[in-house]
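Asks:
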Amino acid sequence: MINIHEKMFDQFISHYPTRSYRKGEIIIFQGEAPRSTFVIRSGVVKAYNLSIHGDEKPMGFLGTRDSFPGTWIYDKVPSAIYYYEAFTHDSVVYLVPRDDYVAFIRSNPAMALAELDRYVEGQLGLSMQLNALQHSRANEKLMYTLHYLSIAHGKPISDKKREIEFHLTHQDFANLTGLTRETAATELNKLKHLKVINYGQNIPYTVDLAKLQSILNDQYISELDPGTGTA
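Going by this note's numbering, the sequence shown opens with residue 3, and the numbers climb by one from there.
1) Is F14 helix, strand or coil by DSSP?
2) Whose C-beta lies closer than 7 Å to the C-beta of Q173 among residues of the same chain, with five residues either side of it excluded?
3) Are the CB atoms of E189 and N141 nearer to each other than 8 Å?
4) Is the beta carbon of M113 closer than 8 Å to that of F40?
5) If I'm right that V1 touches R164 with Cβ under 8 Å, what's the distance once you round it to whole angstroms?
6) Grouping DSSP H, G and I as helix and E and B as strand, with all else coil, what is L64?
7) Please name the residue in T179, G124, D101 whose C-alpha comes closest to that of L144.
8) Can you pull the DSSP bridge partners for K59?
9) Is K157 helix, strand or coil by DSSP?
10) With DSSP run on the structure shown, which of helix, strand or coil describes E165?
11) Should K197 be listed as close to the ligand MN, given that the test is whether its C-beta is under 7 Å from any heavy atom?
12) Which of the three DSSP states, helix, strand or coil, is assigned to G229?
13) Which one or two residues does DSSP pair with I107 in a beta bridge?
14) How would you write the range of the beta strand (DSSP E) that A82 sits in, first residue to last?
15) Can you find the residues in the same chain that come closer than 7 Å, C-beta to C-beta, to I218, ignoring five residues on each side of it along the sequence?
16) Taking 8 Å as the threshold (C-beta atoms), are F89 and Y25 in contact?
17) Considering only their Cβ atoms, is the gap separating H149 from L64 smaller than 8 Å?
18) Determine the burial state of N51: buried for a count of at least 16 other Cβ atoms within 10 Å of its Cβ, exposed for fewer.
19) At a cut of 8 Å, does the segment 83–102 reach the segment 30–40 through at least three beta carbon pairs?
20) Is the separation between the beta-carbon of I166 and that of Y96 shorter than 8 Å?
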C-alpha cells in the first residue's frame, strides 16, 4: 500500500520528463557529472564498479522511487563514483534538476525522514553484501548473497519464502560473489537440490529463508526479520 509520503513524492516527480533505457544500457558512466537527478519510475538499475582487470563488481540494485547518484545529488562528490546500468528491460527514470529535488526533500521533515530511511536501507544492503564477501567458502558466499537479495529485493510469497523480484543469471551471481560462473552455477544447483532455493528458465529465484537460516545457523541473519527487509 502506498503511504502518504510516497503519494507526495509521486506527485512531485510526475511533472518531470522521463527517459527509457534498454537492459544493459548505461545510464551514467563512472566519472560522469550528471545533468540531473535520476529517479526510478519503473524497473531496476544496477550500480557497479570495475576492477583493474575489467571485472564487474556490483554495488547494489535500485528500484522504484530510488534516486541516484546519491553522493552527487547531495554534493559530496563532483561526479558519479559508480556506473549505473539498466538491469531490466522496462527501466524508466525521471530526470529531475538536482536543486529541485534537494529543495523538495528539505521542504518537508517527513520527506527528509523518508529519504533518510531509503539511504539507511541502502547501507544495510551494502553491509549484507560485505558480510557475504567476507566468507571464504563458495556455498556460504552464495547463501549470504541470496539472503541479502531476498531481504533487500524480495517479495513475500509465504511466511518464510521470498521471491527475488528480478531475473538473475549465473554470471550475475558470479559477479556479486567474486566466484567463477561455473562455480556459482554448481553451488546454486546444490542449493536447489537441498530445496533452499528454486529457480528455472524464466522462473525467478525463490528463497526459503527458514532452510537458509537452519543451514547457516547465524545470529546475524536471524536478527533480520524477513517481514521488515530493505526492499
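Glycine included, each C-beta is placed from N, C-alpha and C at the ideal position.
Replies: For this structure:
1) helix
2) R183
3) yes
4) no
5) In this structure the chain extends from 3 to 233, so residue 1 is not present and cannot be described.
6) strand
7) T179
8) N51
9) strand
10) strand
11) Ligands in the displayed structure: none, and consequently the ligand MN is not present.
12) Because the pLDDT of G229 is 47, which lies under 50, any placement of that residue in the model is unreliable, and the question is left without a value.
13) The partner list for I107 (beta bridge, DSSP) is empty, contrary to what the question assumes.
14) Segment: none, A82 is in no beta strand (DSSP E) and carries neither H nor E.
15) In the sequence on display, residue 218 carries Leu and not Ile. M145.
16) Contrary to the premise, residue 25 reads as Lys rather than Tyr in this sequence. It is a contact, given that the beta carbons lie within the stated cut-off.
17) no
18) exposed
19) yes
20) no
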